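K.L.:
If you use this note's numbering, the sequence shown corresponds to residues 1 to 282, in order.
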Amino acid sequence: MCIIKRRRKGWAIAVYKKNDPGSVDEREYMENLFNSLCAALMHPANRKKFLDGEGLQLMNLMLREKKQARQSALKVLNHATSGEEGIENCNKLVEMLGLRTIFPLFMRTPSKTKRKDTTPDEHEEHVCTILSSLLAACSETHRERIIQKFVEHEHEKVDRAIELFLKYKEKVQRFELKKKRLSQEAGTSSADDDPDRDYLDKLDNGLYTLQRLALILGDVAVGIESCRMRAEKLFQMKMSNNRLDSMLVPIIQEYCDNLGDDATLEQERVLMMIKKIDSFYE
Numbered sequence: 001m002c003i004i005k006r007r008r009k010g011w012a013i014a015v016y017k018k019n020d021p022g023s024v025d026e027r028e029y030m031e032n033l034f035n036s037l038c039a040a041l042m043h044p045a046n047r048k049k050f051l052d053g054e055g056l057q058l059m060n061l062m063l064r065e066k067k068q069a070r071q072s073a074l075k076v077l078n079h080a081t082s083g084e085e086g087i088e089n090c091n092k093l094v095e096m097l098g099l100r101t102i103f104p105l106f107m108r109t110p111s112k113t114k115r116k117d118t119t120p121d122e123h124e125e126h127v128c129t130i131l132s133s134l135l136a137a138c139s140e141t142h143r144e145r146i147i148q149k150f151v152e153h154e155h156e157k158v159d160r161a162i163e164l165f166l167k168y169k170e171k172v173q174r175f176e177l178k179k180k181r182l183s184q185e186a187g188t189s190s191a192d193d194d195p196d197r198d199y200l201d202k203l204d205n206g207l208y209t210l211q212r213l214a215l216i217l218g219d220v221a222v223g224i225e226s227c228r229m230r231a232e233k234l235f236q237m238k239m240s241n242n243r244l245d246s247m248l249v250p251i252i253q254e255y256c257d258n259l260g261d262d263a264t265l266e267q268e269r270v271l272m273m274i275k276k277i278d279s280f281y282e
């Protein structure tokens, strides 16, 4: 069975919209279905099939139902909206009022007692990646709608983004300190390190989510002055440094430097963002 192809009566995973698996074996079956869907979405042509088959609507409904499939649906949305192949899905998600589902998930990570099949870090990675993808890919009108959300309720979403940014910045720093200590104990030097391997290790230890948060804050700060001022105020309070060019730009620049050759449009977009952030302090 091709997971991206709808059955006559709907998606194979649709039964888990309102029902949890009845056994451990059935739960494993459900997770295999979702993992197969994520794998299928890595093929660009399947993003269109997912869109046409109303896959976005199904995932959105699953997120609202709060069943065991919820976190798997969030992972699927992450895959469906990523990259240039996800542009149509990004715009459709905003059109179908998906922001009403995504932002509550951004504002609050499920507690350990409620979490069924993911860790808090995985939840935050998926949500932040989706928001970053939406800001990168959506039309100007939809992008404006997203950015305006960060103004609501006295910029509470900017506050949340800063909170998560500092969490993952500290996580990356702890990883780097641990790696340095282990290298010293082993008697090796930085000259023995593999830069590509080191970068991948950092991505796996918080840098990936940190980059998405830096991109989100960069987009929002460039888009609305009050959001920039709020971010600067919070960075000053928590880090004694209110300059976004020193807090965000090094992380965004590292992300840009490691983009593949086929990511020309994203590279141009990010370099423009960096230029605008730097211009605040000229």
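For each residue, glycine too, the CB sits at the ideal point set by N, CA and C.
Quick caveat: nothing in here was measured; it's all calculated off a predicted structure.
(1) Do F50 and L41 count as a contact pair if the criterion is CB distance below 8 Å?
(2) From I252 to A12, what does the alpha carbon distance come to, in whole angstroms?
(3) Alpha carbon to alpha carbon, how far is N19 from N35?
(4) The alpha helix (DSSP H) spanning F175 covers which residue range?
(5) Nearest by alpha-carbon distance to L217: which of P195, R197, N205 and R160 is it?
(6) Can you give the Cα-Cα distance for H43 and H142, rounded to whole angstroms?
(7) Do three or more CB pairs link the stretch 237-253 to the stretch 269-282 at distances below 8 Å?
(8) Examine the Cβ distances between the stretch 70-80 and the stretch 23-38 and report whether three or more of them are shorter than 8 Å.
(9) Measuring straight from C-alpha to C-alpha, what distance separates L271 and V222?
(10) Short check: CB of L164 to CB of H126, under 8 Å?
(11) Should A136 go down as buried or exposed, given a rule of 16 or more other Cβ atoms within 10 Å for buried?
(12) Among residues of its own chain, excluding the 5 on either side of I130, which ones have a beta-carbon nearer than 7 Å to its beta-carbon?
(13) Using only the alpha-carbon positions, how far apart do Q236 and E84 sit?
(14) Note down the Cα distance separating R115 from E268, rounded to an integer number of angstroms.
(15) Restricting to Cα atoms, I'd like to know which of K66, L215, D201 and R108 is closest to I147.
(16) Are there 16 or more other CB atoms within 10 angstroms of the CB of N60, so buried, or fewer, so exposed?
(17) In this structure, does DSSP put L97 in helix, strand or coil?
(18) Using a threshold of 8 Å, state whether the C-beta atoms of M96 and L58 are closer than that.
(19) Keeping to the same chain, check which residues put their C-beta closer than 7 Å to that of N208; ignore five residues upstream and five downstream.
(20) Pick from A69, K157 and E170: whose alpha carbon is nearest that of N32?
(21) Can you give me the C-alpha to C-alpha distance between D194 and E176, rounded to a whole angstrom?
(22) Identify whether C138 lies in helix, strand or coil by the three-state DSSP scheme.
(23) By the three-class DSSP mapping on this structure, what secondary structure does T81 have?
(24) Where T113 and Q71 are concerned, what is the direct C-alpha to C-alpha distance, given to the nearest angstrom?
(25) Measuring only the C-alpha atoms, how far is D198 from T109?
(26) Tell me where the alpha helix (DSSP H) around D219 begins and ends.
(27) Give the C-beta separation of V94 and V158 to the nearest angstrom, bearing in mind that I take them to be a contact with Cβ-Cβ under 8 Å.
(28) Grab the span of the alpha helix (DSSP H) containing L257 for me, first residue to last.
(29) What does a CB cutoff of less than 8 Å around A14 pick up in its chain, not counting 5 residues either side in sequence?
(30) Beta carbon of N242, beta carbon of E232: below 8 Å?
P.N.:
Reading off the structure:
(1) yes
(2) 39 Å
(3) 18 Å
(4) E152 to A186
(5) R160
(6) 25 Å
(7) yes
(8) yes
(9) 13 Å
(10) no
(11) buried
(12) L77, N78, T81 and I102
(13) 35 Å
(14) Confidence in R115 is poor, its pLDDT being 48 and thus under 50, which makes the residue's placement unreliable; the coordinate value appears in the next sentence. Near 38 Å, if we compare the C-alpha coordinates of E268 and R115.
(15) L215
(16) buried
(17) coil
(18) no
(19) Residue identity check: residue 208 is Tyr in the sequence provided, not Asn. Closer than 7 Å at Cβ, skipping near neighbours: E125.
(20) A69
(21) 14 Å
(22) coil
(23) helix
(24) Reliability of the predicted coordinates at T113 is poor, the pLDDT of 46 falling under 50, and no value is obtained from them.
(25) 28 Å
(26) Y208 to G223
(27) No, V94 and V158 are not in contact; Cβ-Cβ is about 19 Å, not under 8 Å.
(28) The sequence as given places Asp at residue 257; Leu does not occur at that position. Run containing D257: V249 to D257, per the alpha helix (DSSP H) assignment.
(29) L58
(30) yes
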